[in-house]
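J.: Each residue of the sequence shown is one higher than the one before, starting from 1 at the first, in full-length UniProt numbering.
Think of the CB as a built atom: it goes at the ideal place given N, C-alpha and C, for glycine as much as any other residue.
Below is a structure I'd like to ask you about.
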Amino acid sequence: HIESVHEKIKKFQCSHCSRSFSYSGDLKKHIEAVHEKIKKFQCSYCSSSFSRSGNLKTHIESVHEMIKNFQCSHCSSSFTRSGHLKAHIESVHEKIKKFRCSYCSSYFTRSGSLKTHIESVHEMIKKFKCSYCSKSFSYSGDLKKHIEAVHENINYQCSYCSSSFSRSGRLKTHIEVVHEKIKKYQC
1 HIESVHEKIK KFQCSHCSRS FSYSGDLKKH IEAVHEKIKK FQCSYCSSSF SRSGNLKTHI
61 ESVHEMIKNF QCSHCSSSFT RSGHLKAHIE SVHEKIKKFR CSYCSSYFTR SGSLKTHIES
121 VHEMIKKFKC SYCSKSFSYS GDLKKHIEAV HENINYQCSY CSSSFSRSGR LKTHIEVVHE
181 KIKKYQC
């Protein structure tokens with residue numbers, strides 16, 4: 001007891017390096033772990049193996065994420081770290097229920113989106129009016145598509161009526177469907 005505890009005498013010298021140990025068991029563990037690379041602790045999920053059980057546990061927790069102690073209270077997701085859970089809640093759940101439509105209970109992340117939704121869907125407000133005809137639209141993108149498709153780039157005029165089209169395929173379909181003059185298969 002005096003030699004090993006108080007005088008720190010280390011009788012067991014490693015033959016591979018300069019380290020010495022007070023107990024033969026410690027020397028044996030050292031040789032197995034450092035010099036012989038004996039890895040007794042095999043991961044059951046992959047081919048990795050470790051010389052210490054603590055290293056295996058750390059590996060499983062970090063690589064395979066088997067221990068997910070942080071459960072989301074909003075859904076079934078779970079996480080290995082509290083920071084990951086917090087980021088999940090902020091990015092997925094906290095944006096959802098901020099702005100609710102009183103007409104249909106739809107949810108929106110921004111007040112502007114809710115306002116546009118109410119005006120265009122429930123109040124039927126169509127702010128974007130076509131300068132070529134009497135049509136109006138709830139969204140500027142819809143007006144733009146209308147102008148491009150109906151009023152601009154008109155290159156293909158129907159020979160049977162006053163309809164015109166920006167693409168030859170649309171004219172062909174129009175003639176086949178409306179005028180029924182062209183049959184697909186002629187004898």
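In the DSSP assignment, the alpha helix (DSSP H) including N55 goes from what residue to what residue?
T.: N55 -> alpha helix (DSSP H) spans S53 to H59.
J.: Straight-line CA distance for S78 to Y45?
T.: Cα to Cα, S78 sits roughly 19 Å from Y45.
J.: Per the DSSP calculation, R100 is bridged to which residue(s)?
T.: Per DSSP, Y107.
J.: Does the distance from the CB of C158 to the CB of H146 come in under 8 Å?
T.: Their beta carbons are not under 8 Å apart, which means C158 does not touch H146 by this criterion.
J.: Would you kindly check if the distance between the Cβ of C75 and the Cβ of I60 is under 8 Å?
T.: No, Cβ-Cβ distance for I60 and C75 is not below 8 Å.
J.: Might you give, ordered along the chain, the residues of its own chain that have their beta carbon closer than 8 Å to the beta carbon of A33, omitting 5 neighbours on each side?
T.: The answer, listed in chain order, is S51 and R52.
J.: Going by DSSP in three states, S134 sits in which element: helix, strand or coil?
T.: Three-state DSSP puts S134 in coil, outside helix and strand.
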